[in-house]
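What follows is one structure encoded as structure tokens, with my remarks underneath.
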Amino acid sequence: MQITFAQSVPADTRLVAQVVDQGALPQGLENSVAEGSKAARFKGSAGQVFESFVERGGSLVRLALAGAGEPKAAGRLANMEKAGAALATKFMTSGEQAIALDFSGTNYSAEQVAAVLMGLRLRAWRYDAYRTKLKDEQKVSLKAAVVVGAPDGAEAA
């Protein structure tokens, strides 16, 4: 998986993900997504994922929320890794080629962002060289991640 850092979400990216703490949805989230997450019993527990579709900038965007658990939990970095791994599991064969991880407006440290990216990258690894009978929908499509709004030092971490 190729991981890059950017100032804003690329215009051609159809999949945008946000990591959220337990019980706290991001500010500025569309009302339909907020209500849908409540209806689906999404609480932001570690590794929990909620997916919805929203219109942004005149195009349809697939929006995912990944739970990172309690902010003060003892295993906080492990929970951040679970959030990244859950995103990889959910979208690895989804047909999407890139995921934009939006950390704008969060107070995550560089180490926590790096933990999310490590979970994403490790869980996205798959060796299919000898699996010759995979259907197109079973093949890995997610090949890139774009990180937006990361804190200073996240790229080095």
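In our numbering, each number is its position in the sequence shown, counted from 1, plus 673. C-beta atoms are modelled at their ideal positions from N, C-alpha and C, and glycine is treated no differently.
Minimum C-alpha distance to residue i - residue among the options
i: K755; options: V821, V734, V786, S732; result: V786
i: A690; options: R714, T805, F764; result: F764
i: Q675; options: N780, N704, A719, A797; result: A797
i: R735; options: T805, F678, T686; result: T686
i: M791; options: Y803, L774, F715; result: L774
i: A684; options: A746, L733, A697, G748; result: L733
i: P699; options: L738, G731, L688; result: L738
i: N752; options: Y781, A818, V682; result: Y781
i: V789; options: E810, F776, D801, F715; result: F776
i: T779; options: V692, K812, L688; result: V692
Contact under 7 Å by Cβ, residue i with residue j
i: G709; j: Q721; result: no
i: A713; j: F726; result: no
i: P744; j: D694; result: yes
i: P746; j: A783; result: As written in the sequence, residue 746 is Ala, which differs from the Pro given in the question. Taking 7 Å as the Cβ cut-off, A746 and A783 do not qualify as a contacting pair.
Spatial neighbours of residue i in its chain, beta-carbon cut-off 7 Å, leaving aside the 5 residues before and after
i: S814; result: T766, S767, G768, E769, Q770
Integer-rounded CB distance, given that residue j should sit under 8 Å from residue i
i: G757; j: S718; result: Not a contact, Cβ separation roughly 15 Å.
i: A761; j: L793; result: 5 Å
i: K716; j: G701; result: Actually they do not touch by this definition, with Cβ atoms about 20 Å apart.
i: D801; j: L807; result: 6 Å
Beta-carbon contacts of residue i that lie in its chain and below 6 Å, excluding the five residues immediately before and after
i: E828; result: F678
Contacts around residue i, its chain only, beta-carbon distance under 8 Å, and the 5 residues preceding and following it disregarded
i: K816; result: M674, Q675, Q770, A771
i: Q680; result: V821
i: E728; result: V734
i: S705; result: S725, V727
- Item | Segments of 4+ residues assigned as alpha helix (DSSP H) that fall wholly inside the segment 702 to 759 | For the segment 702 to 759, the continuous alpha helix (DSSP H) assignments of 4+ residues that do not extend past its boundaries occur at 704 to 712, in sequence order.
- Message: If we require 3 or more residues per run, which beta strand (DSSP E) segments fall completely within the segment 769 to 826?
- Response: Counting only runs of 3 or more, we get 771 to 775, 817 to 821.
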